[in-house]
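Report on the following structure.
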Amino acid sequence: MTTWFLAINDLPFIWKTATVEGRLIIIALGIFSTFAWSVMAAKAMQIRRANRLNQLFDVEFRAQKHILEVYDRRVTADGCPLFTVYKEGCEQLDARLRSQANEGRKSRISLKSIEHVKRALESAVAREALKLEAGLIVLSLAVSGGPFLGLLGTVWGVMSSFSDVATAVAAGGRADLATMAPGVAAAMATTVAGLLVAIPSMFGYNWLVHSVRVGTVELDNFAQELVSKMETEYLKDDEE
Numbered sequence: 155m156t157t158w159f160l161a162i163n164d165l166p167f168i169w170k171t172a173t174v175e176g177r178l179i180i181i182a183l184g185i186f187s188t189f190a191w192s193v194m195a196a197k198a199m200q201i202r203r204a205n206r207l208n209q210l211f212d213v214e215f216r217a218q219k220h221i222l223e224v225y226d227r228r229v230t231a232d233g234c235p236l237f238t239v240y241k242e243g244c245e246q247l248d249a250r251l252r253s254q255a256n257e258g259r260k261s262r263i264s265l266k267s268i269e270h271v272k273r274a275l276e277s278a279v280a281r282e283a284l285k286l287e288a289g290l291i292v293l294s295l296a297v298s299g300g301p302f303l304g305l306l307g308t309v310w311g312v313m314s315s316f317s318d319v320a321t322a323v324a325a326g327g328r329a330d331l332a333t334m335a336p337g338v339a340a341a342m343a344t345t346v347a348g349l350l351v352a353i354p355s356m357f358g359y360n361w362l363v364h365s366v367r368v369g370t371v372e373l374d375n376f377a378q379e380l381v382s383k384m385e386t387e388y389l390k391d392d393e394e
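Shown next as structure tokens:
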């Protein structure tokens, strides 16, 4: 605890002794960190809400006797990936069950029509997966770019410190630890800043990628189950 307190108290001194380039890099890393934390918070809430809505919709889906019951009730569930896929499939199925706008639904459709519905479901699954993945590139850039930006600031700062020491020695000054330490400490601060950006982003990115993969698999499984039920209920038999 004492070490952390001392480190925080050193920040004003480090900022004062940092070079202009080091300050710019620290500011850039701070902005990067803000974006990364915003993405992690937004995606975590999105995935949590999607999982909760998926569970609620799954109960409704399995309680219906016919595949189009929930669709006919004109239910809406914004932010629910399973419902979005279900609605897309039912819209395509309903359109093919009605040969004309003013006629009722047919009791059976052909295999070709089912294939059209299946492709529509695959497209819907892909779109929902992209929605879940949106924004993860920011975390990926933070993980890979943060340490390198910090290292750039450190190398640049150390180079500037040695250059200042060399200039001082040439002017008759001394090259001792007291002269070099402030500049080197300020240079090392950019590496710390880079790691503070990258480490949380790495954990958040890995957790979110895992959650997105699980969600995508659930969507694929649901789409396959939905097509299977549509075929059972509406596909024409070979002898018909």
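Each residue of the sequence shown is one higher than the last, beginning at 155 in the working numbering. Think of the CB as a built atom: it goes at the ideal place given N, C-alpha and C, for glycine as much as any other residue.
Give me the Cα-Cα distance between residue i and residue j, rounded to the nearest whole angstrom.
| i | j | result |
| --- | --- | --- |
| alanine 198 | leucine 265 | 40 Å |
| glutamate 372 | glycine 348 | 36 Å |
| lysine 272 | valine 381 | 6 Å |
| threonine 157 | asparagine 205 | Its pLDDT being 41, under 50, threonine 157 is placed unreliably by the model, and nothing is read from it. |
| valine 338 | threonine 308 | 8 Å |
| alanine 195 | arginine 262 | 47 Å |
| alanine 278 | glutamine 209 | 19 Å |
| threonine 345 | isoleucine 353 | 12 Å |
| phenylalanine 357 | valine 363 | 10 Å |
| leucine 295 | valine 366 | 18 Å |
| histidine 220 | aspartate 226 | 10 Å |
| alanine 231 | valine 174 | 51 Å |
| phenylalanine 211 | valine 229 | 10 Å |
| glutamate 385 | glycine 369 | 24 Å |
| leucine 286 | glycine 176 | 36 Å |
| alanine 280 | alanine 249 | 21 Å |
| isoleucine 201 | tryptophan 361 | 11 Å |
| leucine 293 | tyrosine 388 | 45 Å |
| alanine 340 | isoleucine 291 | 30 Å |
| leucine 284 | alanine 377 | 16 Å |
| phenylalanine 237 | serine 298 | 36 Å |
| leucine 251 | leucine 350 | 57 Å |
| methionine 342 | alanine 288 | 34 Å |
| valine 239 | leucine 178 | 46 Å |
| arginine 374 | glutamate 282 | The sequence shown places aspartate at residue 374, not arginine. For aspartate 374 and glutamate 282, the distance between alpha carbons rounds to 11 Å. |
| glutamate 214 | serine 355 | 37 Å |
| glycine 258 | leucine 207 | 32 Å |
| valine 224 | glycine 233 | 17 Å |
| glutamate 276 | glutamate 379 | 12 Å |
| leucine 222 | arginine 203 | 25 Å |
| serine 117 | leucine 247 | The structure shown has nothing for residue 117, since the chain only spans 155 to 394. |
List the DSSP bridge partners of residue i.
| i | result |
| --- | --- |
| isoleucine 263 | Leu389 |
So what's residue i in DSSP terms, helix, strand or just coil?
| i | result |
| --- | --- |
| threonine 173 | coil |
| glycine 395 | What is shown of the chain runs 155 to 394, which leaves residue 395 out entirely. |
key: Runs of beta strand (DSSP E) lying entirely within the region 349-383, each at least 3 residues, in chain order   = none
ask   = Taking the runs of the alpha helix (DSSP H) that are 4 residues or longer, which of them lie wholly in the region 181-257?
value = Listed in chain order, the alpha helix (DSSP H) runs fully inside the region 181-257 are 223-226 and 235-251, counting runs of at least 4 residues.
ask   = Does the region 286-304 come close enough to the region 176-188 that 3 or more CB-CB pairs lie under 8 Å?
value = yes
inquiry  = I want to know whether the region 311-318 touches the region 187-197 - three or more CB-CB distances under 8 Å.
reply    = no
task = Count the CB pairs spanning the region 233-251 and the region 267-283 that are closer than 8 Å, and state whether there are at least three.
result = yes
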